[in-house]
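Enquirer: For the sequence shown, the working numbering gives the first residue as 46, with consecutive numbering after it. We treat Cβ as the ideally placed atom computed from N, Cα and C, and that holds for glycine. Just so it is clear, the structure is predicted and the values come from calculations on it, not from any experiment.
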Amino acid sequence: MATVKALDVEVIDHLVRRHYGLNTTGEVGADVFENAHKIANPFLEIDRAANELRLLASACLAVILDSDMDWSDHAAMAVMAADLGGRRDGQATIDLRERARRRAAQSGEALRRRRPISTAMSNASGKFDFVEKLTAEGGLDDHETATVVLSDIAAKITMELTKARREARNAVVALIEHIDMKDEELELLWWVFNEASETRDKAFKALKPAERGLVAGVELAKKLRLLPGPTSTPALLARMGVSAKTAHALTSAVDACDSDWIRTLNLVDVNALTPVHAALAERLRVGKTTKWAVGWSSVAQCDVELEFPEHGLAVQSYLEAVYLRSRADRQG
Numbered sequence: 046m047a048t049v050k051a052l053d054v055e056v057i058d059h060l061v062r063r064h065y066g067l068n069t070t071g072e073v074g075a076d077v078f079e080n081a082h083k084i085a086n087p088f089l090e091i092d093r094a095a096n097e098l099r100l101l102a103s104a105c106l107a108v109i110l111d112s113d114m115d116w117s118d119h120a121a122m123a124v125m126a127a128d129l130g131g132r133r134d135g136q137a138t139i140d141l142r143e144r145a146r147r148r149a150a151q152s153g154e155a156l157r158r159r160r161p162i163s164t165a166m167s168n169a170s171g172k173f174d175f176v177e178k179l180t181a182e183g184g185l186d187d188h189e190t191a192t193v194v195l196s197d198i199a200a201k202i203t204m205e206l207t208k209a210r211r212e213a214r215n216a217v218v219a220l221i222e223h224i225d226m227k228d229e230e231l232e233l234l235w236w237v238f239n240e241a242s243e244t245r246d247k248a249f250k251a252l253k254p255a256e257r258g259l260v261a262g263v264e265l266a267k268k269l270r271l272l273p274g275p276t277s278t279p280a281l282l283a284r285m286g287v288s289a290k291t292a293h294a295l296t297s298a299v300d301a302c303d304s305d306w307i308r309t310l311n312l313v314d315v316n317a318l319t320p321v322h323a324a325l326a327e328r329l330r331v332g333k334t335t336k337w338a339v340g341w342s343s344v345a346q347c348d349v350e351l352e353f354p355e356h357g358l359a360v361q362s363y364l365e366a367v368y369l370r371s372r373a374d375r376q377g
C-alpha cells in the first residue's frame with residue numbers, strides 16, 4: 046500500500062518492468078518500491094529477492110488496475126504497451142494482460158458515453174421569499190432585528206449564487222467533454238474515409254508495406270482527444286488496409302520509415318516498455334545501418350529478429366504512442 050500511495054510515472058514504469066522481468070537497474074522508481082518493502086520487511090535482501098519482488102510488483106499493479114484510482118488508466122496503458130501483444134511473459138506471476146485491457150476498455154467507453162448536459166444541472170428551485178422573511182421577523186423596526194434579517198438574506202443569496210456558479214461550471218465542463226468527444230469522432234471518421242496518411246501526405250496503400258502499420262498506429266494515436274482510446278481501435282486500423290496476415294521484421298519496418306517522419310514523433314523517455322519507439326529513436330541516432338538494431342535490442346530487451354503482422358505492428362505502435370502521451374501529460 047505504501048507503493049500504491051506514492052505512485053508517479055517512474056514508479057508505474059518500475060512496477061511494469063518488474064512484472065515482465067525487465068532490467069530495473071538504476072531506475073528512479075525503484076527506490077520507492079524497494080524502500081516500501083524494506084520497511085515492511087527489514088530482513089528482505091533486495092539483491093536476492095528478485096522473484097519475490099516481481100510478484101509484489103505484479104500484486105501492486107493488480108490492485109491499481111482493479112481499483113478506480115487516478116493512476117489506473119495510465120497503468121493500464123503502460124501494461125498494454127509493454128506486453129508486446131502477448132509476446133512478453135508476464136503470466137509467471139499475476140495475469141495483468143486482461144486486467145489492463147478491461148480497465149482501458151471500461152474507461153475508454155465511459156469517456157465516450159453520451160451524457161445529457163442537463164444532468165449537470167439541478168432542477169431544484171432557488172426561490173427565496175424575502176417579504177415572507179421580513180414579515181415573520183416583524184419587519185425592520187429596530188437595528189438588531191434588521192441586522193439579523195438582512196444577514197440571513199445575504200447568506201441565502203451567497204449560497205444560491207455559489208450553487209449557481211458550481212452548476213454553471215459543471216455544465217461548461219460537460220459541454221467541453223461532449224465537444225471533445227464529437228471532435229474526436231469526426232476526426233477519426235474523416236481519417237478513415239480519406240484513407241490517406243496525413244503525416245506522410247500520401248494514400249496508405251501507397252506506403253511501403255513494411256512501414257504502413259507503424260505509420261497508421263502512430264497517426265491514430267495522434268487523433269485521440271480522450272485517453273484511453275476507444276475499443277474500436279483494431280477495426281479502425283484494419284479499415285486503413287493494414288494487413289493481418291503479412292508479417293515484417295520490426296527492424297525492416299523501422300528502416301522503411303522516412304527519417305524526417307521519425308523526427309516528428311514523441312521519442313522522449315522511450316525504453317523497454319516502448320520497443321517500437323525505442324527502435325525508431327535508435328535508428329534516428331545511429332542512422333540507417335545494420336548497427337542500430339544491436340543497440341536497440343539491448344535497450345528494449347527484445348529479440349533483434351522480432352516480427353509483427355502489419356496489423357499487430359499498427360496496434361503496438363498505437364499503444365506505445367498513447368502510453369507516451371499519457372506519460373508526458375502526467376509529467377506536465
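My parser needs the beta strand (DSSP E) runs of 3 or more residues fully inside the stretch 256 to 332; what are they?
Expert: 292 to 294
Enquirer: Please work out which residues of its chain come closer than 7 Å, Cβ to Cβ, to Lys333, disregarding the five sequence neighbours upstream and downstream, and give them in chain order.
Expert: Only Asp300 meet the Cβ criterion.
Enquirer: Measuring CB atoms only, is the stretch 289 to 309 touching the stretch 349 to 363, in the sense that at least three cross pairs come out at less than 8 Å?
Expert: These segments touch.
Enquirer: Apart from the five residues on each side of it in sequence, which residues of its chain come closer than 7 Å, Cβ to Cβ, to Glu232?
Expert: Cβ neighbours of Glu232 beyond the five flanking positions: Lys268.
Enquirer: If you measure between the beta carbons of Ala373 and Val313, is that distance less than 8 Å?
Expert: yes
Enquirer: Under a three-way DSSP split, which group does Ala248 fall into?
Expert: strand
Enquirer: Spatial neighbours of Val237 within its chain, please: CB distance less than 8 Å, with the 5 preceding and 5 following residues excluded, ordered by chain position.
Expert: So the qualifying residues of the chain are Leu281, Arg284, Met285.
Enquirer: Are the CB atoms of Ala127 and Leu318 within a distance shorter than 8 Å?
Expert: yes
Enquirer: Tell me the DSSP secondary structure of Ala51 in three-state form.
Expert: Ala51 falls in the coil class under three-state DSSP.
Enquirer: I'd like the span of the beta strand (DSSP E) that includes Glu352, first residue to last.
Expert: 352 to 354
Enquirer: Could you tell me the alpha carbon to alpha carbon distance between Ala51 and Cys105, rounded to whole angstroms?
Expert: Just so you know, the alpha carbons of Ala51 and Cys105 end up roughly 12 Å apart.
Enquirer: Below 8 Å, how does it come out for the stretch 108 to 126 and the stretch 140 to 157: are there three or more Cβ pairs, yes or no?
Expert: yes
Enquirer: Check whether the stretch 95 to 112 touches the stretch 60 to 67, taking contact to mean three or more Cβ pairs, one atom from each stretch, closer than 8 Å.
Expert: Touching, yes, given that three or more Cβ pairs across the two stretches are closer than 8 Å.
Enquirer: Please name the residue in Val193, Tyr368, Arg157 whose C-alpha comes closest to that of Met226.
Expert: Arg157
Enquirer: Look up Ser152 in the DSSP assignment and say whether it is helix, strand or coil.
Expert: helix
Enquirer: Use the C-beta contact count for Gln376: other C-beta atoms within 10 angstroms, 16 or more gives buried, fewer gives exposed.
Expert: exposed
Enquirer: Helix, strand or coil: which one does DSSP assign to Ser242?
Expert: DSSP, read as helix, strand or coil, puts Ser242 in strand.
Enquirer: Output the distance between the C-alpha atoms of Gly131 and Glu72, rounded to the nearest integer angstrom.
Expert: 24 Å
Enquirer: Taking all protein chains shown into account, do 16 or more other C-beta atoms lie within 10 angstroms of the C-beta of Trp337, making it buried, or fewer, making it exposed?
Expert: buried
Enquirer: Determine the contact status of Ala323 and Ala345, defining contact as a CB-CB distance below 8 Å.
Expert: yes
Enquirer: Look at the Cβ atom of Glu264, then the Cβ atom of Thr244, and state whether they are nearer than 8 Å.
Expert: With respect to Thr244, Glu264 sits close: the two C-beta atoms are nearer than 8 Å.
Enquirer: Spatial neighbours of Asp228 within its chain, please: C-beta separation below 7 Å, excluding the five flanking residues on both sides.
Expert: Arg270
Enquirer: Select from Leu220, Leu364, Val287, Thr203 the residue whose C-alpha is nearest the C-alpha of Ala241.
Expert: Val287
Enquirer: Verify whether the separation of the beta carbon atoms of Gly262 and Tyr368 is less than 8 Å.
Expert: no
Enquirer: Give me, in chain order, the residues of the same chain whose beta-carbon lies closer than 7 Å to that of Thr276; leave out the 5 immediate sequence neighbours on both sides.
Expert: For Thr276, same chain residues with a beta-carbon under 7 Å away, outside a window of 5 residues either side, are Ala150, Gly153, Glu154 in chain order.
Enquirer: What number of angstroms, rounded off, separates the C-alpha of Lys250 from the C-alpha of Arg257?
Expert: 8 Å
Enquirer: Out of curiosity, what's the CA-to-CA distance linking Leu129 and Ala200?
Expert: 59 Å
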